[in-house]
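If you read the protein sequences in the order shown, they are chains A and B.
According to the UniProt record's numbering, the stretch in the first sequence is residues 1 to 354, in order.
According to the UniProt record's numbering, the stretch in the second sequence is residues 1 to 354, in order.
C-beta atoms are modelled at their ideal positions from N, C-alpha and C, and glycine is treated no differently.
Keep in mind it's a predicted model, so treat the numbers as computed, not measured.
One structure is given below, encoded as structure tokens.
Protein chains: 2
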Amino acid sequence: MVGIGDDTAVVEVPPGESGALQWLLAVDTMVETVHFNAATMAEADVGWKSLAANVSDIAAMGGVPRHALVSVSVPQAWEPARMRRLYDGLYACAEHYGVAIVGGDTTSSPLHLVVAVTVMGTVEAGKAIRRAGAQPGDAVFVTGPLGMAAAGLHWLLAAAANGSAAASPQQAGGAASSPPPCVPLAAAEAAGTAALVQAHRRPAPSVRAARMLAARGTVTSLNDVSDGLASEAWEIAEASGVSLALRESQLPRSGSLAAYAHRVQVEPLEWMLYGGEDYVLLGTITPSDALAAKAELAAAGLPMFIIGEVSAGPAGVTLIRDAEPQKRRVGVGQFTTEHPREPIAKRGYNHFAQ
Amino acid sequence: MVGIGDDTAVVEVPPGESGALQWLLAVDTMVETVHFNAATMAEADVGWKSLAANVSDIAAMGGVPRHALVSVSVPQAWEPARMRRLYDGLYACAEHYGVAIVGGDTTSSPLHLVVAVTVMGTVEAGKAIRRAGAQPGDAVFVTGPLGMAAAGLHWLLAAAANGSAAASPQQAGGAASSPPPCVPLAAAEAAGTAALVQAHRRPAPSVRAARMLAARGTVTSLNDVSDGLASEAWEIAEASGVSLALRESQLPRSGSLAAYAHRVQVEPLEWMLYGGEDYVLLGTITPSDALAAKAELAAAGLPMFIIGEVSAGPAGVTLIRDAEPQKRRVGVGQFTTEHPREPIAKRGYNHFAQ
Chain A
1 MVGIGDDTAV
11 VEVPPGESGA
21 LQWLLAVDTM
31 VETVHFNAAT
41 MAEADVGWKS
51 LAANVSDIAA
61 MGGVPRHALV
71 SVSVPQAWEP
81 ARMRRLYDGL
91 YACAEHYGVA
101 IVGGDTTSSP
111 LHLVVAVTVM
121 GTVEAGKAIR
131 RAGAQPGDAV
141 FVTGPLGMAA
151 AGLHWLLAAA
161 ANGSAAASPQ
171 QAGGAASSPP
181 PCVPLAAAEA
191 AGTAALVQAH
201 RRPAPSVRAA
211 RMLAARGTVT
221 SLNDVSDGLA
231 SEAWEIAEAS
241 GVSLALRESQ
251 LPRSGSLAAY
261 AHRVQVEPLE
271 WMLYGGEDYV
281 LLGTITPSDA
291 LAAKAELAAA
301 GLPMFIIGEV
311 SAGPAGVTLI
321 RDAEPQKRRV
331 GVGQFTTEHP
341 REPIAKRGYN
351 HFAQ
Chain B
1 MVGIGDDTAV
11 VEVPPGESGA
21 LQWLLAVDTM
31 VETVHFNAAT
41 MAEADVGWKS
51 LAANVSDIAA
61 MGGVPRHALV
71 SVSVPQAWEP
81 ARMRRLYDGL
91 YACAEHYGVA
101 IVGGDTTSSP
111 LHLVVAVTVM
121 GTVEAGKAIR
131 RAGAQPGDAV
141 FVTGPLGMAA
151 AGLHWLLAAA
161 ANGSAAASPQ
171 QAGGAASSPP
181 PCVPLAAAEA
191 AGTAALVQAH
201 RRPAPSVRAA
211 RMLAARGTVT
221 SLNDVSDGLA
231 SEAWEIAEAS
241 GVSLALRESQ
251 LPRSGSLAAY
261 AHRVQVEPLE
271 WMLYGGEDYV
281 LLGTITPSDA
291 LAAKAELAAA
301 GLPMFIIGEV
311 SAGPAGVTLI
321 RDAEPQKRRV
331 GVGQFTTEHP
341 REPIAKRGYN
351 HFAQ
């Protein structure tokens with residue numbers, strides 16, 4: 001109704017939809033040196049990701065993102081072109097997800113860029129999918145590969161430290177006083193890490209998948225993977241009072257992640273469990289509907305991976321390893337043969353190695 | 001419905017109200033060293049004011065503030081008690097205005113505090129009061145005194161520079177490494193500037209007045225005075241395509257402002273026109289209803305000052321001075337006698353003298 005240019009924006013649910021909607025509200029902040037630096041993210045990437053992180057929160061409730069308000073604190077040394085590029089990224093993400101940017105506040109900042117985005121979404125009344133509904137027997141699923149964003153950041157920090165950015169032809173002739181250059185995507189393409197870098201810089205929240213899943217009415221809990229699979233699984237386990245068992249063999253692992261992890265001798269499971277910022281969805285679904293849901297998403301070109309199952313509490317998260325099945329005593333003279341299990345730590349994600 | 005603790009908050013209009021409401025959305029950011037420093041504002045003041053600035057935006061549309069989301073980037077050096085005091089101030093303001101804080105994001109910041117608050121309010125559908133409706137003949141009004149916040153900041157900066165803060169008994173024995181102490185209110189009370197300092201630190205937006213005025217249906221434009229009377233009057237003038245004439249003699253001037261301005265030899269009109277952060281309302285109203293509206297507000301203990309009138313465009317803002325009336329030629333052989341007029345500059349408010 002009223003966009004930028006008065007004291008507030010005025011919004012309403014688009015006409016033609018049912019009035020029985022509720023509003024979803026989320027805010028997310030990105031701080032230079034804490035969540036990114038000039039080498040890891042270009043201005044447009046910061047714009048994209050600061051909105052995408054919030055869009056992912058709306059998706060994690062099964063809702064539709066609709067409106068956003070943007071607070072940007074701009075370093076005093078920034079030239080106007082940098083701010084324009086930041087907004088280019090914001091608007092690209094807004095257009096991609098059908099979000100209207102209806103307000104903003106731009107202030108100066110003494111040193112560091114701070115971007116805080118608030119998103120409003122809608123969901124059919126009473127249909128928001130919380131963390132607290134997982135039931136024993138449910139299947140556990142994710143809507144995309146894990147650990148790619150963390151691996152991308154790992155490569156970016158190494159590339160920046162090794163001077164890949166400075167060596168980029170794009171930066172030839174740059175003034176000595178300019179900010180540290182952003183590691184160019186071309187360098188990632190040459191290194192075979194472009195998919196990882198893009199996963200870090202341009203996350204693509206699972207809004208369509210969330211809406212299709214929510215419409216089925218069989219999803220019992222839902223979270224987005226912002227702080228790492230382990231942390232999000234623990235949130236569902238604790239909120240629902242259940243135990244989640246995740247199968248290592250079923251965790252979706254991209255080829256570029258596996259190749260890069262092998263090259264730098266990192267255990268990929270570390271990134272997949274604790275890496276964070278994947279912005280895929282983690283949820284639980286009534287077991288009888290799991291395969292039908294997966295088929296519906298597949299028909300729309302959207303991935304869904306069944307990665308484990310829910311059992312009765314106490315709250316916990318366990319990893320069923322790929323290693324050879326072992327004989328385990330379950331009673332007097334009774335044994336079972338199964339893959340080894342180990343607890344998954346509750347630790348979350350440290351956004352940025354400093 | 002759902003507060004802090006899931007991916008998003010879930011909100012709806014309280015039951016019992018008409019469904020014919022629209023949402024109002026506003027965001028406002030406060031940055032350390034840009035809008036305040038440790039000497040001018042205590043943590044709780046920053047919390048109060050960061051929410052109050054948004055509540056004032058909702059009032060300026062004639063709406064009711066309802067929900068807030070808070071993004072705080074906390075300097076790494078802060079001890080937890082400082083953060084608690086910030087939230088104490090936020091919650092005090094939220095309680096005062098009936099706002100539910102439904103979400104937040106706390107991140108660390110390398111050096112400076114940044115607080116971005118988003119507020120959602122509601123207004124009866126189609127009843128939001130914009131800037132663009134002022135009509136020739138309307139009366140111009142404000143809902144409180146002008147310039148006090150700027151005068152308070154003026155005194156605070158002088159007090160901090162003169163070491164009033166350091167000399168405070170509250171700070172005796174403080175460690176040399178602690179942050180610069182906040183100028184205590186007791187020092188302002190001793191100096192007779194407490195009302196000015198509180199106007200700067202704890203602004204009180206005119207929500208009740210806004211609701212009463214909006215219900216009359218005769219308010220044709222409305223703004224809140226965040227950037228100074230001159231700047232806000234220009235916004236109405238330009239949005240409405242009209243000219244506003246403000247009478248110097250009618251501008252509400254508090255006794256403490258007059259006394260302090262006299263003492264430091266500052267022209268009080270400078271603060272009243274260009275000071276900013278008063279967070280009172282500036283609006284226009286159908287002339288036949290102006291006195292009745294004033295009487296209704298007075299009966300509720302709320303001030304309303306008629307300070308001028310609207311005439312046909314071009315867009316502009318004029319000050320009718322208090323000086324002796326002068327004879328002015330208006331046609332061949334025709335003269336009129338009136339107070340001298342001078343244009344009011346469009347310049348806004350520089351938040352903070354650095």
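The beta-carbon of V31 of chain B is placed less than 7 Å from the nearest beta-carbon of chain A.
In summary, no residue of the stretch 260-283 of chain B has a CB separated from any CB of chain A by less than 8 Å.
Within chain A, the C-beta atoms nearer than 7 Å to that of H67 of chain B come from L25, in chain order. Put simply, the stretch 123-140 of chain B touches the stretch 308-316 of chain B. At least three CB pairs are less than 8 Å apart.
A distance below 8 Å between beta-carbons, with the five flanking residues on each side excluded, links E342 of chain B to the following residues of its chain, in chain order: T318, L319, R321. Residues of the stretch 221-235 of chain B with a C-beta less than 7 Å from any C-beta of chain A: N223, D224, listed in chain order. Note on geometry: alpha-carbon atoms of S56 of chain B and A299 of chain A lie some 49 Å from one another. A straight line joining the alpha-carbon of L111 of chain A with that of A345 of chain B spans about 31 Å.
Taken through DSSP and simplified to helix, strand or coil, P80 of chain B comes out as helix. Distance from L281 of chain A to D227 of chain A at the Cβ level is roughly 14 Å; contact not present, criterion being Cβ atoms closer than 8 Å. Per the coordinates, the alpha-carbon of L257 of chain A lies some 10 Å from the alpha-carbon of R263 of chain A.
With respect to the 7 Å criterion, A151 of chain B and V183 of chain B are not classified as neighbours on the basis of their beta carbons. Neighbours of L111 of chain A in chain B, taken as residues whose beta carbon is under 8 Å from its own, are P110, L111, H112 in chain order. Burial state of N54 of chain B is buried, judged by a 10 Å Cβ sphere holding 16 or more other Cβ atoms.
By the Cβ neighbour-count rule, K327 of chain B is exposed, with fewer than 16 other Cβ atoms within 10 Å of its own. Here S243 of chain B is bridged, per DSSP, to B:S311, B:G316. Cβ neighbours of L90 of chain B within its own chain (closer than 6 Å, five residues either side excluded): G47, L51. Contact fails between the stretch 105-124 of chain A and the stretch 36-46 of chain B, because fewer than three Cβ pairs, one in each stretch, are under 8 Å apart. If you look at Q135 of chain A, you'll find it isn't in any beta strand (DSSP E); DSSP assigns it neither H nor E. At least 7 Å separates the beta-carbon of S109 of chain B from that of V70 of chain B. Between the C-alpha atoms of W23 of chain A and V123 of chain A there is a straight-line separation of about 7 Å. Cα atoms of A190 of chain B and V99 of chain A: separation of roughly 53 Å, rounded to the nearest angstrom. Chain-ordered, the chain B residues with CB closer than 7 Å to the CB of S73 of chain A read T29, V31, V114. For A68 of chain A, the enclosing beta strand (DSSP E) covers residues 64-75. Taking 7 Å as the upper bound on Cβ-Cβ separation, chain B lies near residues V102, G103, G104, D105 of the stretch 76-105 of chain A. Partner residues in a beta bridge of N162 of chain A, as assigned by DSSP, do not exist.
In the three-state reduction of the DSSP assignment, P343 of chain A falls in the strand class.
Close to chain B, meaning a Cβ-Cβ distance shorter than 9 Å, is no residue of the stretch 305-318 of chain A at all. By the 16-neighbour rule on beta-carbons within 10 angstroms, P145 of chain A is buried.
Along the stretch 45-67 of chain A, going in chain order, the ones with a CB nearer than 9 Å to a CB of chain B are N54, S56, D57, I58, A59, A60, M61, G63, H67.
Between S243 of chain A and A233 of chain A, the alpha-carbon positions lie close to 9 Å from each other. DSSP, reduced to helix, strand and coil, places S206 of chain B outside both helices and strands of the structure shown, so it counts as coil.
Within the stretch 196-219 of chain B, not one residue has a Cβ closer than 7 Å to any Cβ of chain A. Sixteen is the threshold: when 16 or more other Cβ atoms of the shown chains lie within 10 Å of the Cβ of T284 of chain A, as they do, the residue is buried.
Residues are counted here when their Cβ sits less than 7 Å from a Cβ of chain B; for the stretch 235-255 of chain A the count is zero.
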